[in-house]
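Each remark here refers to the structure printed beneath this line.
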Amino acid sequence: MGDLVQLLVSGTATGAIYALAALGFTLLWQAAGVINFAQGEFVMLPAFAMLAGLAFGLPVWLAFLIACVLAAIVLGAGFKQVVVDPLIRHGVIPLVIATLGLAIAVKSTVRAGFSAEAHPLPSPFPTGQLSIAGINVSYADIGTLALAGAIVIGLQAFLNRTVTGRAMQAVAQNTESARVLGIDVRRMVLYVFLINAVLAVVAALLIAPTYLAKFDMGDSIGLKAFFAAIIGGFNQTRGALLGGVLIGVLENLVGFYISPAYKEGVALVLFLGVILLRPEGLLGKAEERKV
Amino acid sequence: MSAPARRAAMLVAIVAALAIGAAFLKRSDVYLLTLTMVYLMATFGLNLTVGYAGQMSLGQAAFFGIGAYVAAIALKAGVPFLAVMPIAAVACFVIGLALGFPALRVQHHYLAFATLGFNVLVYLILRNEEQVTGGTYGISAIPRPTILGVSFEGHLAYFHFTLASLVALGALLWWLLRSPWGRAFAALRDNPIRAESLGVNITAYTLLAFAIGAACAGVGGVYYASLVEFIEPGPFHFSTSLMMLLAVIIGGSGRFYGPVVGTIIIILLPELLRGSSHEALKFMQKWYLVFFGLAVVALMVWLPGGIVSLADRFRRRSTS
Amino acid sequence: MNRITTLFAALGLALAAAPALAQAPIKIAGLVELSGTGATSGTNFDNGVKLAVKEINAAGGILGRRVEYTSGDTQSNPGVAKALAQKAIDDGAYVVMGPVFSGSILVSMEETRRAEVPNFTGGEAAAITQKGNPYIFRTSFTQSSAMPKVARYIKNGIKAKTVDIMWVNNDFGKGGRDMIMKSLEAEGIKVGVDISTDPGQVDFSAAVLRAKQSNGDALFVYTNEEESARALRELRKQGYAKPIVGETVLTSQKVIELAGEAANGAVAHVGLTADAPLPTVRAFDEKFQREYRSKSDHNGLKGYSGMYVVKAITERIGKVDGKAFAAAMKGAKISAKDHPGVLMDVTFDQNGDLDRESFLTKAVNGKQVVVETLPPLGAK
Amino acid sequence: MTATPSLLDVKDIRKAYGAIRAVDGVSFSVRPGEIVGVIGPNGSGKTTLFNSILGQIRPTSGSVEFSGEDITGMSPLELARRGIGRTFQTLQVFGGLSVRDNLIAAAQEFSGTMPGRLFAKPDAGLGQRADEMIELFRLKHVAHLPAGSLSYGQQKLIDIAMAFMAAPRLVLLDEPCAGVNPGLVDQLRELLVQLNRTQGGSFVVIEHNMGFIMRLCPHVICMVEGKVLAEGKPAAVQSNPAVLEAYLGN
Amino acid sequence: MSDRIIEFDKVVAGYSPSLTILNETTLDARRGEITLLIGPNGAGKSTVLKTLFGILVPRSGEVRFEGRVINGRSQRDLLADGIAFVPQGRNLFGTLSVRHNLELGGVTLPRRDLPARIEEVLDRFPRIRERIDNQASTLSGGEQKQLEVGRALLLHPRVLLIDEPSIGLSPKLVADVMAMLRGLADAGTTVLMVEQNVRTALKYSDRALVLEMGRLALDRPSSDLLADPDLNRLFLGGHAAAASGAAA
């Protein structure tokens with residue numbers, strides 16, 4: 001029983017990080033029709049930005065804030081302006097290919113210009129663990145869950161409870177109708193890119209302390225984010241959450257109870273099953289967007 | 001001389017130049033050229049799947065791997081090379097048919113993810129099913145072929161053998177794409193719904209597009225195993241599929257010679273830069289992938305038809 | 001038209017890129033993992049060789065000739081390693097250094113053998129020297145010579161009856177796992193759970209939980225640098241309290257740096273370590289840190305000492321001749337007193353395996369500390 | 001009612017989406033060689049009816065018979081094999097293929113076997129037929145250009161020519177005039193009349209251009225709210241008060 | 001001051017270079033009137049509205065609002081000028097509540113004006129008030145159209161563009177919507193409407209413009225056209241020109 005709880009908790013914590021990356025991913029798809037194959041690299045870059053900040057002697061929180069600003073400029077507005085805007089009219093696939101190219105470029109830049117080695121990032125949470133009734137839960141897991149949860153709840157609140165948030169939903173649901181009402185579609189789409197960038201920084205802050213900052217760390221995170229997004233439902237923000245947590249937990253359960261050798265495979269089988277049997281995802285609705 | 005005849009003459013000249021010129025190249029350069037040709041077999045096939053039939057695939061490296069492992073196991077068991085090739089091709093063809101099924105249900109980026117997932121699964125199997133695949137140790141001492149008493153053990157001999165095989169495979173594909181099948185594939189790519197209303201069996205052609213592409217990769221895998229003489233799961237990771245897809249697209253998907261240009265850029269050029277001692281080239285080597293990645297982005301913006309389509313642009317400009 | 005030009009341009013580049021054969025310097029080629037999963041090991045090995053070459057050249061070279069070292073990145077990919085080996089041979093390399101990864105060396109050594117070029121490797125897989133290749137030489141222990149020492153420590157040092165094993169599923173990890181199983185069995189120690197992990201794996205929670213649930217008395221961890229660090233962090237996170245033992249990697253500088261406090265207490269057998277209590281190694285450590293602003297792991301020492309073996313043997317045979325070099329390596333003994341660059345007294349056998357002292361090390365307060373020096377296998 | 005056996009028999013087709021009855025019990029038949037027009041205001045269920053007949057969607061109830069065979073729910077492929085061709089409301093050509101290849105592609109799958117076609121001549125023996133159609137549709141000057149690079153009107157012509165390439169026994173045309181300029185509309189009508197005369201197939205045409213349909217079709221069906229409101233000669237339908245009300249409101 | 005609040009002067013527009021819908025279209029709408037755009041499918045009625053509202057940019061010609069050229073201006077600018085648009089079909093955001101849908105109609109208004117304006121709209125549509133906290137997707141067809149119109153009225157537009165408001169509504173509801181538009185026009189709002197339900201629309205409108213192949217074919221007072229016995233022929237055969245030789 002204790003095992004199970006512990007597996008569930010740490011799986012959920014890991015899954016929450018996947019979910020953060022997946023969340024931005026689905027937001028981008030809904031609001032802008034963008035599939036970002038460089039999503040993993042969007043997590044990797046801020047990790048290095050924070051690392052650089054720390055190297056200058058900044059405290060973690062300040063490095064984090066600066067990384068947020070940089071990410072918003074480069075990975076948010078810059079990405080939209082330079083890559084997405086010129087390409088979006090060509091359709092989904094050219095943009096997919098372009099983001100693949102971008103992923104390679106970003107990864108290689110970090111490798112060639114910075115370092116190919118892994119670097120530790122200090123954890124924002126204290127080390128140690130909490131023991132209740134024989135179940136050990138580390139502070140890192142609790143902190144991760146709390147922060148990821150707060151971000152998700154905050155984001156949901158923003159989307160549902162503010163006029164801007166609802167305007168963003170309106171753009172995602174029906175861009176033409178939104179435009180007719182005078183909603184500034186370009187700005188709303190830009191906000192989505194900014195949110196995606198900031199979510200990536202948070203994911204980086206949570207993931208880099210254990211997984212280490214490395215130029216190719218995005219490969220695995222990006223892949224998990226895609227799988228999470230598709231499993232949960234590409235056009236549902238809640239879907240990304242479900243998908244992320246499901247993968248995190250399942251990986252742990254399978255790794256423990258079945259075989260670690262095929263750990264990666266199980267998320268995959270789940271993903272392939274979803275794609276074949278319910279392409280709109282577990283929570284998703286059939287796609288209305290005409291391709 | 002008519003345009004097709006001129007093109008044919010040019011092709012013969014290039015092949016002849018390669019065949020003769022290789023004798024004057026260093027062993028490592030011959031190896032690289034051979035390696036490029038081996039990958040080219042797989043990207044030729046991928047171009048059929050992606051470029052001609054319009055089916056997104058990020059699983060080509062899996063078939064490359066299946067071909068290589070089938071070859072390694074069969075060759076080591078003493079099966080003659082000429083028998084191994086069809087075995088590997090048929091195996092990949094059949095598995096390729098299976099991979100086509102998701103394509104009947106989902107398209108575009110969903111299909112990309114599905115095929116990518118397939119690649120990851122194959123990779124896991126190659127790594128974990130040790131009794132068959134040798135696991136992470138891989139399989140070593142894979143022999144090079146001896147056919148009708150002629151040994152292709154030497155690097156030049158193997159190069160010529162691969163070159164001849166590549167030309168044969170290319171000719172086969174050329175013929176296939178010129179046949180009504182090629183037109184049916186294009187119809188499937190451009191407008192599957194209309195194609196079906198015109199009697200095109202889109203189920204069959206979709207599956208065939210994957211299966212034929214997979215078979216080409218399988219053949220490439222056979223030559224790869226025999227060339228490197230050792231295989232392990234690493235080279236068949238999905239990142240290779242990704243590079244193969246990029247090779248097809250930057251070269252010019254749906255254009256016969258697109259993969260040639262793309263594969264040279266992806267396989268040959270970086271290897272040529274590697275280990276060179278010129279300062280400028282050393283710099284290029286270090287930043288090659290950065291330039292490459294940015295070039296892919298730029299290409300998608302300005303030249304979505306790939307590098308080969310540049311020729312069309314010039315032609316159009318000169319005629320207008 | 002365009003098609004042809006592209007192809008010929010590529011061919012032309014191939015010819016142009018090859019530097020002209022130079023007469024004077026002795027060419028040494030490095031095939032190293034500068035990227036991919038083996039990047040850390042390869043980079044250290046490469047730096048070690050570079051440092052040695054720099055010193056040798058500063059001291060007048062080998063037999064009065066300058067040493068020219070060029071290294072190429074195998075990307076941890078055997079196919080590339082093979083290509084680079086051919087390139088090294090085409091370029092007229094006298095000796096080839098590397099690769100470090102066993103999968104790569106198994107491929108590339110076929111090329112050096114064919115060309116009869118001596119090849120020093122950082123690989124530790126037993127299979128490398130069992131193929132009867134007269135041109136392959138190690139720069140470190142094999143897994144088959146190191147693991148019995150580890151097993152002996154587990155039996156006598158920790159007095160464990162059952163040991164759990166966590167290993168990385170690549171050729172390196174698999175080889176080590178097979179060998180430690182055998183060695184443990186020979187010592188009469190039982191194996192508890194056998195936990196396989198992926199190269200590049202990031203989440204170790206399930207793996208660690210399995211170890212925690214087992215009733216083993218200790219855990220043997222055999223993974224690459226980053227994975228070792230992640231495993232140690234997760235072990236610490238979950239409050240794993242039993243002894244953690246490793247071979248070479250676990251207490252390496254890189255792992256300690258990456259794992260931070262979580263590494264404290266981990267014990268490992270190390271064939272070579274920059275913290276060995278020997279004056280030659282101290283001198284090396286100092287120079288390495290000055291040159292690269294980081295501490296060398298065992299791979300740095302492998303590359304460094306390997307290069308000095310090349311120097312020692314070449315001077316012994318008095319000529320730059322690969323065949324003669326290989327012949328002279330059989331049964332060679334090189335003492336650190338005469339050749340401080342080899343760091344420790346070393347002997348090579350007929351297969352190219354080497355033997356020398358080794359160390360038991362422990363991670364203490366972010367540092368690798370040598371707790372015991374173990375005699376060479378041949379000395380017992 | 002008639003002595004000639006009908007080619008197409010649509011019997012009481014219904015298609016409901018939830019509570020909405022898009023097609024609500026439509027029956028009609030088409031005799032060999034006949035041209036039938038289907039008119040009706042927007043949203044009256046014409047295209048849904050077409051899609052139900054053509055296997056794009058499965059009708060909730062009812063049946064479709066072709067030459068006495070029940071073809072209800074057959075796939076578009078099976079229908080095509082039986083000699084039923086169609087055009088779509090929106091433009092549907094193979095943009096990457098040349099005009100000539102578009103036409104050949106439209107007919108090549110109707111003869112021989114799939115493996116056989118692999119070994120057939122590149123033009124599948126259809127080159128001459130394609131050239132005839134190109135001639136008929138006045139597309140000769142663009143025959144070797146990619147269809148996707150042509151003007152809307154030209155693509156529309158290709159689109160329609162493709163539906164007739166294999167000389168199907170029945171062709172369903174969904175708004176052939178949509179987006180076509182007035183000059184071309186008359187040309188189109190003449191072409192269809194000519195094809196009907198020379199190839200002898202039956203046509204069912206959905207169209208909003210009343211002038212076009214009234215002149216082309218001797219028999220017109222008017223649909224409103226999923227039902228057949230009136231049926232008969234164009235003049236009769238045109239002056240039917242119920243039809244007028246449906247079009248103009250009351 | 002000219003009565004012509006909206007003018008199209010030889011406007012050419014379409015969805016792609018190869019597909020021209022408006023072909024040198026010239027027409028106008030007068031202040032405080034309901035101007036009805038009718039004609040066969042594909043004649044360009046909706047395209048007129050879309051071009052006017054900046055969704056399509058004319059390739060040539062001028063679109064004028066109160067004498068000023070407004071070719072290709074942004075929707076936000078046009079809304080600020082007092083032009084509002086209710087497109088064809090469903091334009092609500094299904095997962096948002098009725099209130100939030102209404103509120104989004106006022107994103108271009110100062111925040112503090114919003115509550116009063118919403119109250120105003122709710123006074124006009126009591127049915128909407130009852131459903132104010134429901135999800136928009138749960139409304140009936142008639143309620144949805146009311147909400148859409150209400151959302152447009154939030155801005156107090158001087159010109160209301162409305163595309164086929166009767167689609168999916170029962171005859172009773174159609175009459176209600178028409179009466180509401182009539183009321184708006186009588187209060188001074190200019191209405192430009194596309195409608196297939198010709199007879200009903202003619203009864204409530206002031207002037208009818210018949211489009212054919214992207215050109216103005218006929219421009220007559222609605223009552224006049226309604227009484228014309230050739231109206232039938234106009235819609236069920238032949239060309240508009242044939243229906244009335246006296247046109248334009």
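Chains as they are written, first to last, in the working numbering: chain A, 1 to 291; chain B, 1 to 320; chain C, 1 to 380; chain D, 1 to 250; chain E, 1 to 248.
Backbone N, C-alpha and C define an ideal beta-carbon position, used for all residues, glycine too.
First through last residue of the beta strand (DSSP E) which encompasses residue i
i: residue 46 of chain C; result: Careful: residue 46 of chain C lies outside any beta strand (DSSP E), inside the alpha helix (DSSP H) at 39-58.
i: residue 4 of chain E; result: 4-16
i: residue 23 of chain E; result: 19-30
i: residue 119 of chain C; result: 119-121
i: residue 269 of chain C; result: 267-270
CB of residue i within 8 Å of CB of residue j, strictly
i: residue 294 of chain C; j: residue 343 of chain C; result: no
i: residue 253 of chain D; j: residue 202 of chain D; result: Given that chain D is displayed from residue 1 to residue 250, the structure contains no residue 253 of chain D and the question cannot be resolved.
i: residue 40 of chain E; j: residue 208 of chain D; result: yes
i: residue 170 of chain D; j: residue 54 of chain D; result: no
i: residue 87 of chain E; j: residue 163 of chain E; result: yes
i: residue 75 of chain E; j: residue 93 of chain E; result: no
i: residue 210 of chain C; j: residue 193 of chain C; result: yes
Counterpart residues of residue i in DSSP-defined beta bridges
i: residue 190 of chain C; result: C:162
i: residue 221 of chain E; result: E:207
i: residue 239 of chain B; result: None; residue 239 of chain B has no bridge partner.
i: residue 195 of chain A; result: DSSP lists no partner for residue 195 of chain A.
i: residue 91 of chain C; result: DSSP output for residue 91 of chain C lists no bridge partner at all.
i: residue 136 of chain A; result: A:131
i: residue 222 of chain D; result: D:39 and D:230
Residue range of the alpha helix (DSSP H) that includes residue i
i: residue 145 of chain C; result: 143-153
i: residue 228 of chain A; result: 217-232
i: residue 72 of chain C; result: Per DSSP, residue 72 of chain C belongs to no alpha helix (DSSP H); it is in the beta strand (DSSP E), 67-73.
i: residue 234 of chain C; result: 225-237
i: residue 81 of chain D; result: 76-81
i: residue 199 of chain D; result: 182-199
Closer than 8 Å is the cut-off here; do at least three beta carbon pairs connect the stretch 161-168 of chain A with the stretch 183-194 of chain A?
Touching, yes, given that three or more Cβ pairs across the two stretches are closer than 8 Å.
Given a limit of 7 Å on CB to CB distance, which residues of the stretch 230-241 of chain A reach chain E?
Answer in chain order: no residues at all.
Which residues, in chain order, does the stretch 193-207 of chain B contribute to contact with chain D at a C-beta distance below 9 Å?
Per Cβ criterion, the list reads 193, 194, 195, 196, 197, 198, 199, 200, 201, 202, 203, 204 and 205.
Positions along the stretch 170-181 of chain A whose CB lies within less than 8 Å of some CB in chain E:
Of all residues in the stretch 170-181 of chain A, 170, 173, 174, 176, 177, 178, 179, 180 and 181 have a Cβ within less than 8 Å of some Cβ in chain E.
Contact the stretch 228-244 of chain C vs the stretch 301-319 of chain C: 3+ CB pairs below 8 Å
No: fewer than three Cβ pairs fall under 8 Å.
What residues in the stretch 183-217 of chain D have a beta carbon less than 8 Å from any beta carbon of chain E?
Only 208, 209, 210, 211 and 214 from the stretch 183-217 of chain D bring a Cβ to less than 8 Å from some Cβ of chain E.
Using 8 Å as the Cβ pair cut-off and three pairs as the minimum, do the stretch 193-201 of chain B and the stretch 95-112 of chain D touch?
Judged by Cβ distances under 8 Å, the stretch 193-201 of chain B makes contact with the stretch 95-112 of chain D, as three or more pairs qualify.
Flag this pair as touching only if the stretch 17-31 of chain D and the stretch 233-245 of chain D have three or more C-beta atom pairs under 8 Å; answer yes or no.
Counting Cβ pairs under 8 Å, fewer than three are found: no touch.
Members of the stretch 65-96 of chain D near chain B, C-beta cut-off 9 Å
For the stretch 65-96 of chain D, the set of residues with a beta-carbon nearer than 9 Å to any beta-carbon of chain B comprises 75, 76, 77, 79, 80, 81, 84, 85, 86, 87, 88, 92, 93, 94, 95 and 96, in chain order.
Residues within the stretch 111-138 of chain C neighbouring chain A, beta-carbon criterion of under 7 Å
Across the stretch 111-138 of chain C, no CB contact with chain A closer than 7 Å is found for any residue.
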